[in-house]
Amino acid sequence: MRKAGLGVALVLALGGPAVFAVTPATAADQPGIELTKQVVGGPFRTGDQVTFQLTVRNTGDVPLARVTVADPSTPECGQSRVEPLEPGGVWGYGCFAAAPAKDFTNVATVTARPPAGRRVEATANAAVDVIHPKLDLKISGPEMARKGETATFSVTVKNTGDSPLRDINVADPKCGTKISKLDAGAEQKYDCKVEATESIDKTIRANGTDGTSRLVPASAEQQLKVINPGLSLSKQALGGPYREGDSVLFKVEVANTGDEDLENIKVTDTQAPECARTINLLLAGTSESYPCAMTAKDDTEVKTVASTVATDNKPLTSEATAQIDVIHPAFQLTHNATPEQLYPGGEVTVDLAVTNTGDVPLTDIKVTDDRDPSCGFTIESLAPEATEKRTCTFEADQDVTSTATATAIDPLGGKLEQTEDTRVDVLGPGITAKLVGPAKPVNPGQQAALVVEVTNSGDAVLTDVAVEDPLTGCAATIGTLEPGARHEVPCEFTMADQDVVYFVKVTGNDPLGKGLLSTDELMLRSAKPGLELTKDAGAEKSAPGATVTFTLTAKNTGNTALAPVAVTDPTLAACDRSFERLDAGEVRTWTCTTPAPKSGELSNTANAKATPDTDGKAVELTDSDTAVVQVGGGAANQAGQPGGNGTPKQTAAKSLASTGVDALPTLLGGLGLLLAGAGLVLVSRRGRNHVN
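One rule links them: number in the numbering used here = place in the sequence shown (from 1) + 2.
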């Protein structure tokens, strides 16, 4: 049954979207057609043969004629059917086309003519999946490695195509791997380690399977230069053992044991700087040697280092050591004498000891003593830390220095020697006291400056040295006094009216505790100055105009020198005199003349003054005297001639002559002065007082 309206035909295309065909409907028939186009297989690579299966079905109720399939993309798939296609009939065929460079969708159209009405048509499309598989393999790593090192390479496997790859296989014994799948654009990285035994220059291959089940190959070059640089250093000490301070000689050898030349080799040695060197070029398989030296100090291992940079820019070093055996032969000689101090005739004990203080045995040890040969001894061998001793005695009468000498031979034949001196002090202790005071008389009541000189007059140190003087304050504690040393103790003493003998005592102890004593005394003179001046005309009378001769006498009547002394005559300058010094008891006499006047009396007065030469300030002394001569009256003698009748010297007041004042004319006026100076001019009997 036909119905009016539009007819709808559903066309299904395998491998493509559904296609609907619409034909106009009549009341008489319902024409319809359906086309399907299917791609057989896939995906495809560019150029592969693509098989299409096309199927035309008459879905209407009337036959269709002139059935034609057109396919512009694949003209090979276009065909026409000669026979009509009955309702429900199916017409199918296959066709082929080469896959293009990229994916495409193939669209085919079928048209047919029903018995009446408009033609019917239908379309169908089929998508063709064109893939471009590609696999990329990259290997990166060091360009160079030393033989025996492990070189690490980085491998990158990348799907650089537009479709997945499966079953990827990198074929290499060391860097091979398997990857089950890599999507388009995906990559996988991994490391592989290769022991550098020989240089590598090879191609590593990989492949994977694409969607067409064909293999996709890839490859990469792996290159590694294996080098075998070698540097060897040896150092040998020539000889030994050595003593400290000896020169140690070495032989140093630097060898290139590798397969490439080495440049700028630095040899360093901190302990033996002389062994340092720079070798500019050392060819492969060659060596260079040289001598060097250092000064031996202690047992040590001397280390030398050679270094350079190989062609791989990595350091190349070698070390060598040489053992230095340094011996330290030594011994200690001990030489003691006891006691160290004694009095003459005492016995001295000498102890001799030799100790091996070194680190090797000593042989042929000989010990001698110049003071006593019997103290010497010989030892065949002495081990380290061992000691050999001897003891002897002798009598000492004076200071003595005993010298001991020891010699020994070390394992290298070197001679060791040591000398030790021991001094024995035979004591000769002594102490001397000396009292030093004023050389001049001291005025009574004045202070006399004293010095007690204490001298160590022996050869030993004195201790507890002291000055004993309980009366005057000269006592003092000195303490220690070295031999030959002198110590001065100053003090003062108030002078009495009479001479005094002053006494001191000094004491001390010698090193052995024996007490020493010395005393001294000093006479201190009490000053009693005196001055007397006399003037004598020689005659009591004189003729007018006659020459009158005066005789003047200055006498030191005290116990103290007078310095200076001056005599003056106001009326007769010819009588003036001066003396630098007038010692005690000394007298000076002189004369002077003058003409007698025409008449009357010739009276002439002389004055004297003097300063006592005492220890300290003294009062000046004065004295005067007058001579009177009568002139005229028929004088029988000339003035100054013996037997004349001139007036004799006035002497009534000479008991006060030391004051320089004439007592009768000035008795009352000078009484007070006489009393004040009585202590200075009083002549007293000298006596001696002892002060100790």
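Even for Gly, the Cβ is constructed at its ideal location relative to N, Cα and C. As the structure is a computational prediction, the values presented were derived from the model and not from experiment.
Three or more Cβ pairs drawn from the segment 420-437 and the segment 454-462 lie within less than 8 Å of each other, which places the two stretches in contact.
The beta strand (DSSP E) runs of length 3 or more contained entirely in the segment 104-176 are, from start to end of the chain, 106-115, 122-130, 137-142, 146-148, 152-161, 167-173. Taking C-alpha positions only, Leu554 is separated from Val621 by approximately 24 Å. Contact check for Gln448 against Gly560 fails: the beta carbons are separated by 7 Å or more. Closest by C-alpha distance to Pro599, out of Thr573, Thr380, Ala568, Ala545, is Ala545. Bridge pairing for Val92: Arg59 [DSSP]. For Pro597, the uninterrupted beta strand (DSSP E) run begins and ends at 589-597, by DSSP. Taking a cut-off of 8 Å on C-beta distances, the segment 372-379 does not touch the segment 296-315, as fewer than three cross pairs fall below it. Fewer than three beta-carbon pairs drawn from the segment 345-353 and the segment 262-280 are found closer than 8 Å, and the two stretches are therefore not classed as touching. Around Asp31, the same chain offers Arg4, Gly62, Asp63, Val64, Pro116, Pro117, Ala118, Gly119 as residues with beta carbons nearer than 8 Å, after the five sequence neighbours per side are excluded.
In the DSSP assignment, Tyr192 falls within the unbroken beta strand (DSSP E) covering 189-197. Each residue's CA atom was taken as its position, placing Thr496 and Ala450 some 6 Å apart. With 16 or more other Cβ atoms from the protein chains shown falling within 10 Å of its own Cβ, Arg527 counts as buried.
Minimum Cα-Cα distance from Ile267 among the listed residues Met296, Ala239, Phe252, Pro231 corresponds to Pro231.
In the displayed model, Glu223 falls within a strand according to three-state DSSP. Runs of beta strand (DSSP E) with 3 or more residues, each lying fully within the segment 291-339, are found at 302-311, 317-326, listed in chain order. The residues Phe252, Val254, Ala274, Glu276, Cys277, in chain order, have a CB closer than 7 Å to that of Cys294 in the same chain once the five nearest residues on each side in sequence are set aside.
Taken in chain order, the whole beta strand (DSSP E) runs of length 3 or more contained in the segment 354-401 are 364-371, 379-384, 389-398. Here Gly96 has Thr53, Phe54, Gln55 as same chain residues with Cβ atoms under 7 Å from its own Cβ, once five neighbours each way along the sequence are excluded. Counting C-beta atoms within 10 angstroms of its own C-beta, Pro74 has fewer than 16 neighbours from the protein chains shown and is therefore classed as exposed. Pairwise C-beta distances place the segment 510-523 out of contact with the segment 349-368, as fewer than three of them are shorter than 8 Å. Look at Pro45 here: in three-state DSSP terms it is coil, with no helix or strand label. For Thr125 and Ala173, the gap between their C-alpha atoms comes out near 50 Å.
Ranked by Cα distance from Ala398, the first of Ala608, Ala188, Asp427 is Asp427. Looking only at Ala610, Thr616, Asp615, Val631, the smallest Cα-Cα distance to Thr624 is reached by Ala610.
A check of alpha carbon separations from Ser459 across Asn445, Lys442, Gly486, Val444 identifies Gly486 as the nearest.
Residues of the same chain with a CB within less than 8 Å of the CB of Ala477, apart from the 5 flanking positions on each side, are Ala468, Val469, Glu470, Asp471 in chain order. By the criterion of at least three beta-carbon pairs nearer than 8 Å, the segment 202-217 is not in contact with the segment 234-246. Note on Asn282: under 16 other CB atoms within 10 angstroms of its CB, so exposed under the neighbour-count rule.
Counting C-beta pairs closer than 8 Å gives fewer than three between the segment 122-138 and the segment 147-156, which falls short of the contact rule.
Segment contact: the segment 358-369 against the segment 526-541, fewer than three CB-CB distances shorter than 8 Å; contact not assigned. Between the alpha carbons of Val402 and Ile480 lies a gap of roughly 30 Å. Rounded to the nearest whole angstrom, the C-alpha separation of Val58 and Val41 is 15 Å. By the C-beta criterion, the segment 567-575 is judged to be in contact with the segment 602-616, since at least 3 inter-stretch pairs fall below 8 Å. If you draw a straight line from the Cα of Val633 to the Cα of Val550, it comes to about 10 Å. The C-alpha of Gly91 is placed about 34 Å away from the C-alpha of Pro102.
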